[in-house]
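Enquirer: For what it's worth, the numbering used here labels the leading residue of the sequence shown as 366, then goes sequentially.
A virtual CB, placed ideally from N, CA and C, is assigned to each residue, including glycine.
Here it is, the structure in full.
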Amino acid sequence: MIKPDCRYFNGEKPCKFKRLCEGCEHYSPMGFRILILKLAAMGDVLRTTAILEPLKKRYPASHITWVVDAASYDLLKKNKYIDRLMAFHSDLRLQLEVEAFDLALSLDKDPRSAALAMLVNAREKKGFGLSSYGNIFPLNPESQYAFDLGIDDDLKFKRNRKSYQEIIFEAIGLPYNREPYVLEVDSESDEYALEVLKRSGVRDGSLLVGICPGAGPLFANKSWTVEGYAALIDSLGRLDGVQAILLGGTAETGRNARIKSLVRAPVLDAGNHHSIAQFSAIIRRCGLVVCGDTLPMHLAIGHGRHVLAIFGPTCPQEIDLYDRGEIVMSSIECAPCYKRTCDIIEHCMVQVPAELICEKAQRIIETRLR
């Protein structure tokens with residue numbers, strides 16, 4: 366007798382236990398089926414993982430399917446709470462329209478996932494859908510606050526004091542107790558990170574400070590100045606047992622090279638050609654990460670590292686460092702603004718003084734990491 370409701374049943378090839386259904390001791394019915402639609406961006410995908418353990422506690426026999434953009438797939442592929450991870454593509458709707466879910470959580474204010482939420486067969490839907498006018502709207506009353514944040518600048522920039530996680534928990538009707546991200550590192554990526562750091566010159570027993578100067582091409586003005594990072598590295602070079610290492614992706618190659626040309630103290634460079642999983646494993650080996658409001662910040666939070674985060678155009682109140690580190694917000698009057706480009710020469714990130722960041726970094730190292 367075939368048991369298609371088993372979480373291990375595939376239908377086109379043997380299950381991982383290589384057993385037929387009849388008499389199989391591994392039979393585990395899917396139970397309460399949950400669909401999570403959270404496609405992008407990478408940092409938001411990571412902090413949304415905080416909902417997973419509470420969902421499993423509320424629905425102990427549940428089966429969770431998570432649909433995510435291919436770029437973020439590797440961040441979730443080892444997540445122990447996700448029963449099925451699917452990369453988003455245009456034909457995916459054909460499969461999901463056939464399936465039935467008990468609960469669909471649409472957590473992107475994005476037409477792709479919001480439209481998919483309207484098409485799937487689910488007894489209950491929460492989060493965001495797409496109207497017949499092509500606009501995003503809240504699917505349930507609890508999602509109204511999260512929706513309002515997107516259309517009310519005064520609420521988002523000035524009045525809101527809730528973190529992203531608290532907002533998402535509220536939207537889906539879960540109590541929030543500062544649950545952490547869920548981020549795993551596979552053994553191959555961990556070994557890769559150890560080898561890269563060894564090759565880069567990391568000494569055994571040293572306190573490694575990850576310097577992440579980039580912000581990606583879409584929101585480049587979230588980056589602090591190269592001169593500021595160079596001054597920070599020189600300051601760290603005066604601390605015994607501390608090594609600074611430049612981190613980033615291919616987009617940061619030129620920026621990191623400019624910083625290296627400015628520093629007087631020794632600085633390591635981990636290179637810029639790692640996969641997301643490998644980069645995550647490298648971040649995990651740092652004691653402190655200094656960065657902007659970027660993916661490295663979320664990776665560091667996910668791995669329980671200390672973070673010194675420098676903010677300008679985005680909202681620091683939506684970030685929870687879980688009492689591990691500090692956020693420095695630019696004091697310029699127009700911040701935050703969420704503008705991706707800025708015409709002001711002395712813009713918000715330029716106005717964050719290097720002396721302040723050096724002082725904060727040293728204080729974290731001396732009081733929390735020694």
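#1: Report all residues from its chain with a CB closer than 7 Å to the CB of Tyr594; omit the five preceding and five following residues, and keep chain order.
#2: With DSSP as the reference, label Phe382 as helix, strand or coil.
#3: Buried or exposed for Asn621, going by 16 or more other Cβ atoms inside 10 Å?
#4: Taking only the alpha-carbon atoms, compute the straight-line gap between Glu544 and Leu400 and give it to the nearest angstrom.
#5: Do Ala415 and Gln530 have their C-beta atoms within less than 7 Å of each other?
#6: Can you tell which of His712, Pro678, Asp685 and Gln643 has the C-alpha that lies nearest to the C-alpha of Met752?
#7: Excluding five sequence neighbours on each side, which residues of the same chain lie with their C-beta closer than 8 Å to the C-beta of Gly376?
#8: Contact defined as beta carbons within less than 8 Å: I believe Ala726 pairs with Leu597. What is the distance between those atoms, to the nearest angstrom?
#9: Since Ile647 and Ala665 are thought to touch, with beta carbons under 8 Å apart, how far apart are those beta carbons, to the nearest angstrom?
#10: Given a threshold of 16 other Cβ atoms within 10 Å of its Cβ, counted over all protein chains shown, does Asp708 qualify as buried or as exposed?
#11: For Asp513, which of Val607, Met483, Ile533 and Phe676 has the nearest alpha-carbon?
#12: Taking 7 Å as the limit between beta carbons, can you name the residues of its chain near Arg526, skipping five residues before and five after?
#13: Rounded to the nearest angstrom, what separates Lys443 and Ser471 at their Cα positions?
#14: Give the straight-line distance between the Cα atoms of Gly677 and Ser695, rounded to the nearest whole angstrom.
#15: Roughly how many angstroms lie between the CA atoms of Lys403 and Ile729, to the nearest whole one?
#16: Determine the closest residue to Arg477 out of His428, Val433, His668 and Gly690, with distance taken between C-alpha atoms.
#17: Give the C-beta separation of Pro419 and Leu539 to the nearest angstrom, bearing in mind that I take them to be a contact with Cβ-Cβ under 8 Å.
#18: In chain order, what residues of the same chain have a beta carbon less than 6 Å from the beta carbon of Met714, not counting five sequence neighbours either side?
#19: Which value, in whole angstroms, describes the spacing of the CA atoms of Tyr498 and Pro394?
#20: So, helix, strand or coil for Cys371, using DSSP?
#21: Looking only at C-alpha atoms, which of Cys680, Pro718, Arg733 and Arg649 sits nearest to Asp750?
#22: Judging by CA-CA distance, which residue of Cys371, Gly570, Lys445 and Gly492 is the nearest neighbour of Gly388?
#23: Spell out the partners DSSP gives Pro394 in its beta bridges.
#24: Would Gly606 and Leu572 be called neighbours here (beta carbons separated by less than 7 Å)?
#25: Leaving out five residues on either side along the sequence, give the residues of the same chain with a beta carbon under 7 Å from the beta carbon of Asp439.
#26: Out of Ala480, Ile722 and Asn486, point me to the one whose CA is closest to Ile501's CA.
#27: Let me know the secondary structure DSSP gives Val607 once reduced to three states.
#28: Which ranges would you report for the beta strand (DSSP E) in the stretch 593 to 654 if only whole runs of at least 3 residues count?
#29: Assign Ala580 to one of two classes, buried (16 or more other C-beta atoms within 10 Å of its C-beta) or exposed (fewer than that).
#30: Within 10 angstroms of the Cβ of Asn637, are there 16 or more other Cβ atoms? Answer buried if so, exposed if not.
#31: Could you check whether Tyr446 and Leu417 sit closer than 7 Å to each other, using their CB atoms as the reference points?
#32: Which word fits Ala609, buried or exposed, when buried means at least 16 other C-beta atoms lie within 10 angstroms of its C-beta?
#33: Have a look at Ala511 and Leu520 and give me their C-alpha separation to the nearest angstrom.
#34: Considering only their Cβ atoms, is the gap separating Met483 from Leu468 smaller than 7 Å?
Expert: This is what the structure holds:
#1: Within the same chain, Tyr594 has close Cβ partners Ile576, Pro578 and Ile624.
#2: coil
#3: Buried, because 16 or more other Cβ atoms sit within 10 Å of the Cβ of Asn621.
#4: As the crow flies, the alpha-carbon of Glu544 is around 20 Å from that of Leu400.
#5: Taking 7 Å as the cut-off, the beta carbon of Ala415 is found closer than this to the beta carbon of Gln530.
#6: Absent from the structure is residue 752, since the part of the chain shown begins at 366 and ends at 735.
#7: Pro369
#8: 6 Å
#9: For a cut-off of 8 Å, the C-beta gap from Ile647 to Ala665 is around 11 Å, too long to register as a contact.
#10: exposed
#11: Ile533
#12: Gln682
#13: 22 Å
#14: 5 Å
#15: 34 Å
#16: Val433
#17: 5 Å
#18: Trp589 and Gly677
#19: 39 Å
#20: strand
#21: Look at the range of the chain in this structure, 366 to 735, and you will see that residue 750 is not part of it.
#22: Selected option, being the one with the closest Cα: Cys371.
#23: Cys371
#24: yes
#25: Ser640, Ile641 and Ala642
#26: Ala480
#27: strand
#28: 607 to 611
#29: buried
#30: buried
#31: yes
#32: Classification of Ala609: buried, given that the 10 Å Cβ count is 16 or more.
#33: 10 Å
#34: Their beta carbons are not under 7 Å apart, which means Leu468 does not touch Met483 by this criterion.
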